[in-house]
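Report on the structure given below.
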Amino acid sequence: MASFKDYVLILDEQQPASHSDLAFGGDRFAVFVASSFEQAVVKVSQVAPCLVILAGDDQAWVKAKVHTLRQSTQANQSTILALTESAHPKWERQEATPDLDGFLVKPLSVEVLTSLIQSALIKRDVMSLTA
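For the sequence shown, the tail end lands on 112 under the numbering used here, and the numbers increase by one without skipping.
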């Protein structure tokens, strides 16, 4: 069983309940769905997630708030990704949001999510060794 620090944070201010059914490799990873940025910041200040997934259509808040998340002493080693749709990308180009590590494209499979979480855990471990 993974420790509490191995959780995934999903931030969706528009439809937080739609992510409650995501399966991340069974019981291995805890998932916390934040319905507001403030709720996400409180959670991150307690224990940083290995992975943050930003969902929803509202891009107006992204740059400043993602930067705030990235600069947090708790989340500076977390992987932060934006969730979008392949047919209708809803996020700015990655160059416009340098604090994002990348993008996820729907639909997501359990295999992709599990691999992504494992990569985020390895990234965090490597960054903690070099910090």
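Ideal Cβ positions, reconstructed from N, Cα and C, are used throughout, including at glycine. These figures come from a predicted structure and were not determined experimentally.
### Query
Thinking C-beta only, is I61 closer than 7 Å to V33?
Against the sequence shown, residue 33 aligns to sequence position 52. Against the sequence shown, residue 61 aligns to sequence position 80. Result yes, Cβ atoms of V33 and I61 sit closer than 7 Å.
### Paired residues, beta bridge with A15 - DSSP
Within the sequence shown, residue 15 is the residue found at index 34, counting from 1. For A15, which the question treats as bridged, DSSP gives the partners L(-8).
### Message
Checking 7 Å against the spacing of the C-beta atoms, do L(-10) and F18 come in under that value?
### Response
Along the sequence shown, read from residue 1 onward, the residue named residue -10 stands at position 9. Along the sequence shown, read from residue 1 onward, the residue named residue 18 stands at position 37. Cβ distance not < 7 Å, so L(-10) and F18 don't count as in contact.
### Query
Among S67, A101, Q58, which has the Cα closest to the Cα of K87?
For the purposes of this step, residue 87 is taken as residue 106 along the sequence shown, with counting starting at 1. Cα-wise, what sits closest to K87 is S67.
### Query
Between A15 and L35, is the Cβ-Cβ spacing less than 7 Å?
Start at 1 with the first residue of the sequence shown, and residue 15 comes out as number 34. Start at 1 with the first residue of the sequence shown, and residue 35 comes out as number 54. No, they are not a contact pair.
### beta strand (DSSP E) segment containing V86, residue limits
The sequence position of residue 86 within the sequence shown is 105, counting from 1. Counting along the chain, the beta strand (DSSP E) containing V86 begins and ends at 83 to 87.
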